[in-house]
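Participant: Pasting in a structure now, in structure tokens, and then I'll have a few things to ask.
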Amino acid sequence: MKFIICPGSAENQKFKRWPILKYLELAELYEINQHTVTIVLGPEEHYLSNFFLKFNVVISASFDELKQISYNANLIVCNDSFLLHYFSIINCNVLAIYGPTDPDRTLPPNAFKIISKKTSLYRPCWGKTYYGRCENGRCSCFDGLDVQDVYKKSLNILSI
Amino acid sequence: MNKKKDIVLINFWGLGDLVATLKFIKNNNNFNYYIISPQNHNLIQKLISTISINTTISLSPYENKTLIIMDILKNIFLGKSIIFTAPLSGKSRKLAKFLSYFSKNITLAKEKGNSYLINEEIEIF
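Keeping their order, the protein sequence lines are chains A and B.
Following my numbering, the numbering of the first sequence begins with 224 at its first residue and continues without gaps.
Following my numbering, the numbering of the second sequence begins with 1203 at its first residue and continues without gaps.
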């Protein structure tokens, strides 16, 4: 299977990103299980490529290039970011990892979502005065969402 | 000859949020659209060109907030059909609500719910 991972989001809303080391672990898990992984990063996210040195990384792709990259991809895993919306509107299979934002508000109808099962008083903190810093200055909305959860969900979507 | 009605679509949110507006256009391609958005126009233009949309879309030349409001007022006084698409909450909703007092041709998307589904519910008059 061919997976695309988009670990970024707008620089001024980094708290919308599932932790980068978890994305790295997810990419490794796909590879160990004989899947192909491509990492897609936006123009302001090139520094994240340092985490994915052994992977095929595409940085600052144009819309046409994104379309080409996504061709034949079985699943694209991303945060609640522009790429979620872009890949969804061109009818790709997308799994969105939600933390501080609300999937009931922004999830494209043809996309899949995953959120932490851990109960939280704050999640989603979007629209609140403490958006992005819901637990004493730190956003805790991704807490409890592990690599295995996302991995299993992605295989489940693809019925593997 | 292109006899499609012209509709002005306004969205003040980010580029990702604008995709829900483009989805609305895809689903309602019997109209010509004029989009007003503060996002980078080159980027919007390129985005539109990679999504298969079967109608004419033009973009307001303005990205500056003051000029955008002037453009909206111009379209109000020209009697154009105007839709403020979802997401439409916070300050942008307040502004849209205020502007809607000046014209009966303005439609406001609902505030709460999924942007894509809210836009699907919009009826064009």
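In this text, a Cβ means the ideal position worked out from N, Cα and C, and glycines have one as well.
All of these numbers come straight from a predicted model, not from anything done at the bench.
With DSSP as the reference, please indicate the residues paired to A/Phe226 in a beta bridge.
Facilitator: In the DSSP output, where bridge partners are listed per residue, A/Phe226 has A/Val260 and A/Leu298.
Participant: Going by C-alpha to C-alpha distance, which of A/Phe335, A/Arg346, A/Ser363 and A/Ser343 sits closest to A/Asn314?
Facilitator: For A/Asn314, the nearest C-alpha among the options comes from A/Phe335.
Participant: Alpha carbons only, please: which of A/Phe278, A/Ala233 and A/Lys239 is nearest the one belonging to A/Ala250?
Facilitator: Looking at the Cα atoms, A/Phe278 is the closest of the given residues.
Participant: Which chain A residues sit within Cβ distance under 9 Å of B/Thr1252?
Facilitator: Residues of chain A passing the Cβ test: Ser285, Phe286, Asp287, Leu289, Lys290, Tyr309 and Ile313.
Participant: In the DSSP assignment, what residue or residues form a beta bridge with B/Phe1214?
Facilitator: According to DSSP, which records beta bridges pairwise, B/Phe1214 is partnered with nothing at all.
Participant: Just verifying my parser: in three-state terms, what is the DSSP assignment at A/Thr329?
Facilitator: Helix.
Participant: Where B/Asn1307 and B/Asp1208 are concerned, what is the direct C-alpha to C-alpha distance, given to the nearest angstrom?
Facilitator: The alpha-carbon atoms of B/Asn1307 and B/Asp1208 are separated by roughly 12 Å.
Participant: I'd like to check one pair, A/Ile312 with B/Leu1261: are the Cβ atoms closer than 8 Å?
Facilitator: No, the pair does not count as a contact, with Cβ atoms beyond the cut-off.
Participant: Starting from B/Leu1217, find everything on chain A with Cβ-Cβ shorter than 7 Å and list it in chain order.
Facilitator: Here the neighbours are Phe305.
Participant: Give a yes or no on whether the C-beta atoms belonging to A/Ser165 and A/Phe275 are separated by under 8 Å.
Facilitator: The structure shown does not extend to residue 165 of chain A, since chain A is modelled only from 224 through 383, so no value can be given for it.
Participant: What are the boundary residues of the alpha helix (DSSP H) that B/Leu1249 is part of?
Facilitator: His1243 to Thr1252 is the extent of the alpha helix (DSSP H) around B/Leu1249.
Participant: DSSP on B/Lys1228, reduced to helix/strand/coil?
Facilitator: Of the three classes helix, strand and coil, the one that applies to B/Lys1228 here is helix, per DSSP.
Participant: Counting only C-beta atoms, is A/Pro323 closer than 8 Å to chain B at any point?
Facilitator: No, A/Pro323 does not count as interfacial toward chain B.
Participant: Name the chain A residues that come within less than 9 Å of B/Leu1319, Cβ to Cβ?
Facilitator: Those are Pro332, listed as they occur along chain A.
Participant: Pair every Cβ in the stretch 324-331 of chain A with every Cβ in the stretch 347-367 of chain A, then say whether three or more of these pairs are closer than 8 Å.
Facilitator: Touching, yes, given that three or more Cβ pairs across the two stretches are closer than 8 Å.
Participant: Spatial neighbours of A/Val300 within its chain, please: CB distance less than 6 Å, with the 5 preceding and 5 following residues excluded, ordered by chain position.
Facilitator: Around A/Val300: Ile228 and Leu318.
Participant: By the 10 Å Cβ neighbour count, where 16 or more other Cβ atoms means buried, how is A/Asp287 classified, buried or exposed?
Facilitator: Burial call: exposed.
Participant: For A/Arg346, decide whether its Cβ has a neighbour in chain B, counting only Cβ atoms nearer than 8 Å.
Facilitator: For A/Arg346, the answer is no, since every Cβ of chain B falls outside 8 Å of its Cβ.
Participant: Hey, out of A/Ile383, A/Lys376, A/Arg356 and A/Thr342, whose CA is closest to A/Val367's CA?
Facilitator: At residue 367 of chain A the sequence reads Gly, which differs from the Val that was named. If we check each option's Cα against that of A/Gly367, A/Thr342 comes out closest.
Participant: Could you compute how far the alpha carbon of B/Gln1241 sits from the alpha carbon of A/Pro266?
Facilitator: Those two C-alpha atoms are separated by around 16 Å.
Participant: Quick one, which residues of the stretch 1219-1232 of chain B are near chain A if we go by CB-CB under 9 Å, in chain order?
Facilitator: Flagged, chain order: Asp1219, Leu1220, Val1221, Ala1222, Leu1224, Lys1225 and Lys1228.
Participant: Run the CB neighbour count on A/Leu344, radius 10 Å, all protein chains shown included, and call it buried at 16 or more, exposed below.
Facilitator: That one is exposed.
Participant: Quick one: any contact between the stretch 1243-1251 of chain B and the stretch 1315-1327 of chain B, if contact means 3 or more CB pairs under 8 Å?
Facilitator: Not touching, per the Cβ criterion.
Participant: CB-CB under 8 Å to A/His269, same chain, minus the five flanking residues each way: which ones, in chain order?
Facilitator: Counting only Cβ-Cβ distances below 8 Å, and skipping sequence neighbours, we find Ile282 and Ser283.
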